[in-house]
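Below you'll find the structure, written out as structure tokens, and then a few comments.
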Amino acid sequence: MFGDMSLRDPYEVLGVARTATPEDIRSAYRKLAKKLHPDLNPGDSKAEDRFKEVTGAYEILSDAEKRRRFDAGEIDGSGTERPQQHYYKEYAGAAGPRYQNTSGFADLAEEDDFLAELLRRREQQARRAPGADRLYQLQVDFLDAVTGATRRITLPDGNSLDVTIPPGIQDGQTLRLRGKGAPSRGDGPPGDALVEITIRPHKFFTRDGDDILIELPVTIAEAILGGKVKVPTPSGAVMLTVPKGSTTGSTLRLKGKGVARRDGSHGDELVKLKVMTPAQPDAELESFLSNWTPNYDPRRDMQP
Amino acid sequence: MIISKTEFLYRAQTDQETLQLWISEEWIAPQGPDTEPEFSEADLARAGLIRNLQQDLGVNKEGVGVILNLLDQIHSLRWALSSRLRAGETEGESGT
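Residue numbers (the working numbering), protein chains in the order written: chain A, 35 to 338; chain B, 419 to 514.
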């Protein structure tokens with residue numbers, strides 16, 4: 035009878051005449067739905083297919099426009115199912131003790147050791163169930179993420195949580211704080227707090243894995259003649275020797291000035307030079323350069 | 419996974435006031451503190467059932483409470499029965 039679901043006549047499915055009023059259709063649907071709703075028939079897997087069919091038919095016939103189009107032959111009885119609903123029966127077993135109601139067999143348990151044991155274990159399980167995990171977000175400064183820090187989160191319930199940020203933490207990494215989640219509803223252990231870390235960008239440092247990258251402005255003189263310049267690193271400024279004849283894009287490596295690794299070693303800081311001409315016109319530089327003829331072509335590689 | 423109240427209201431297609439009623443009637447029992455309740459997929463499916471009962475089947479408020487109560491008992495009975503049957507099978511295998 036219920037075999038071919040795709041093209042069944044919705045009037046036939048609901049068992050109503052083609053002349054049925056909307057009220058007739060509704061009451062026919064309700065009658066069938068009460069019998070077939072999957073959650074009212076948790077043990078009957080056939081009811082679910084049949085319910086889908088009935089609901090699909092009702093979707094057409096309860097909507098005046100869809101019903102008119104079906105009557106006119108513009109649409110058929112298929113493809114009108116509602117989006118898939120997850121029925122409660124799929125979760126009832128796993129929903130845990132919250133919705134359990136064992137009063138349906140509590141009297142039988144008095145005479146049956148097995149049922150009595152089942153009830154006892156169920157209660158114990160409910161009591162010992164751990165609390166839920168809680169999810170938090172924490173923004174940390176770039177340098178705190180590199181060198182490590184302790185930060186305090188204020189929780190919605192007014193309490194606070196101290197989070198130790200290990201040196202070298204990555205953007206998007208999640209820290210698990212054992213036992214800092216929701217308390218158990220019984221006497222089980224509390225859940226965990228999961229803290230997702232976002233790293234704020236820094237004014238001049240960026241990061242590539244364990245390495246710190248920085249673009250360091252230098253004067254024309256420092257680039258051409260070389261010299262010692264002060265470079266910031268996460269652990270404080272250091273002096274760096276710019277070699278003679280450097281240019282924009284030259285990269286110098288400061289060993290061990292990068293981000294801490296798990297094994298205790300450190301990444302490097304990579305310093306990329308950027309030659310800066312004076313921001314204001316400089317008469318001395320102008321007069322000096324007017325007597326100078328460059329003997330190189332910086333646009334050599336750009337010939338068409 | 420935990421579902422927040424905002425997400426729950428959206429996915430259950432319901433409003434704050436209705437949800438408050440469901441919770442005070444104990445039809446839905448979220449975890450966590452009242453100020454920040456935490457819902458599960460099971461709670462969401464239960465909300466779907468409540469909606470089906472009220473909107474599609476025309477069950478009134480008192481009826482929903484009765485149905486959910488009996489349904490919870492049925493699920494507990496089904497769980498007890500299936501545990502009993504499984505225990506029976508193991509006994510059979512060990513050869514009594």
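By construction, the Cβ of each residue, glycine as well, lies at the ideal position given by its N, Cα and C atoms.
Predicted model, so just to flag it, every value in this text is computed and none were measured.
Can you tell me the Cβ-Cβ gap for residue i and residue j, rounded? I've got them flagged as a contact below 8 angstroms.
i, j, result
"A:Lys262", "A:Thr275", "6 angstroms"
"A:Leu209", "A:Lys306", "Not quite, the Cβ-Cβ distance comes to about 32 angstroms (not below 8 angstroms), so this is no contact."
"A:Ala255", "A:Lys264", "Incorrect: roughly 15 angstroms between the Cβ atoms, too far for contact."
"A:Tyr125", "B:Glu459", "6 angstroms"
"A:Val50", "A:Ala67", "Contact flag wrong, Cβ pair sits at about 14 angstroms."
"B:Leu495", "A:Gly138", "5 angstroms"
Which residue or residues does DSSP assign as beta-bridge partners of residue i?
i, result
"A:Val300", "The sequence as given places His at residue 300 of chain A; Val does not occur at that position. Paired residues: A:Ala294."
"A:Ala183", "A:Ile199"
"A:Met310", "A:Thr253"
"B:Phe457", "B:Ile421"
"B:Lys479", "BP columns for B:Lys479 are empty, so no partner."
"A:Thr282", "DSSP, once it has assigned bridges, lists no residue as partnering A:Thr282."
"A:Tyr170", "A:Val229"
"A:Arg241", "A:Ile246"
"A:Val276", "A:Gly261"
"A:Leu211", "A:Ala227"
"A:Arg287", "A:Leu304"
"A:Ser194", "A:Thr188"
"B:Gln449", "B:Glu456"
Which same chain residues, not among the five before or five after residue i, have their C-beta less than 7 angstroms away from its C-beta?
i, result
"A:Leu142", "Leu149"
"A:Leu319", "Pro312"
"A:Leu302", "Note that residue 302 of chain A is Asp in the sequence shown here, rather than Leu. Asp245, Arg287, Leu288, Lys289, Gly290, Lys291, Gly292."
"B:Val482", "Trp445, Ile468, Leu471, Gln472"
Smallest Cα separation from residue i: which of the options?
i, options, result
"B:Val484", "B:Ser458, B:Glu443, B:Gln434", "B:Glu443"
"A:Lys86", "A:Glu108, A:Glu99, A:Pro44", "A:Pro44"
"A:Arg219", "B:Ala498, B:Ile492, B:Ala447", "B:Ala447"
"A:Gly127", "B:Ser501, B:Gly481, B:Ile420", "B:Ser501"
"A:Gly165", "B:Pro451, B:Ala430, B:Ala463, B:Leu486", "B:Pro451"
"A:Gly215", "A:Glu249, A:Thr232, A:Phe239, A:Leu189", "A:Leu189"
"A:Thr285", "A:Ser269, A:Pro268, A:Ala257", "A:Ala257"
"A:Gln119", "A:Gln159, A:Asp73, A:Glu99", "A:Asp73"
"A:Leu192", "B:Asn487, B:Ser422, B:Thr453", "A quick correction: the sequence has Gly, not Leu, at residue 192 of chain A. Looking at the Cα atoms, B:Thr453 is the closest of the given residues."
"A:Gln283", "A:Met310, A:Gly298, A:Pro268", "As written in the sequence, residue 283 of chain A is Gly, which differs from the Gln given in the question. Selected option, being the one with the closest Cα: A:Met310."
"A:Arg64", "B:Leu488, B:Asp474, B:Leu499", "B:Asp474"
Quick check: is the beta carbon of residue i nearer than 8 angstroms to any beta carbon in chain A?
i, result
"B:Ala430", "no"
"B:Ala505", "yes"
"B:Glu480", "no"
"B:Glu425", "no"
"B:Pro455", "no"
"B:Gly450", "yes"
"B:Gln434", "no"
"B:Gly483", "no"
"B:Ile492", "yes"
"B:Ile421", "no"
"B:Thr514", "For B:Thr514, the predicted model reports a pLDDT of 43, less than 50, meaning its position is unreliable and no value from the coordinates is stated."
Excluding the 5 residues flanking residue i on each side, which residues of the same chain have their C-beta closer than 8 angstroms to its C-beta?
i, result
"A:Arg234", "Gln173, Val174, Asp175, Phe176"
"A:Asp178", "Arg185, Ile199"
"A:His300", "Asp244, Gly290, Lys291, Gly292, Val293, Ala294"
Return yes when at least one heavy atom of the ligand PLP lies under 7 angstroms from the C-beta of residue i, else no.
i, result
"A:Gly77", "The ligand PLP is not part of the structure shown, which contains no ligands of any sort."
Does residue i have its Cβ less than 8 angstroms from a Cβ in chain B?
i, result
"A:Leu48", "no"
"A:Ala166", "yes"
"A:Leu95", "no"
"A:Gly127", "yes"
"A:Gln171", "no"
"A:Asn135", "yes"
"A:Lys154", "The identity of residue 154 of chain A in the sequence shown is Arg, whereas the question assumes Lys. False, the Cβ-Cβ gap to chain B never drops below 8 angstroms."
"A:Tyr45", "no"
"A:Arg84", "no"
Please decide whether residue i counts as near chain D, where near means a Cβ-Cβ distance under 8 angstroms.
i, result
"B:Gln473", "No chain D appears in the structure shown, which is made up of the protein chains A and B."
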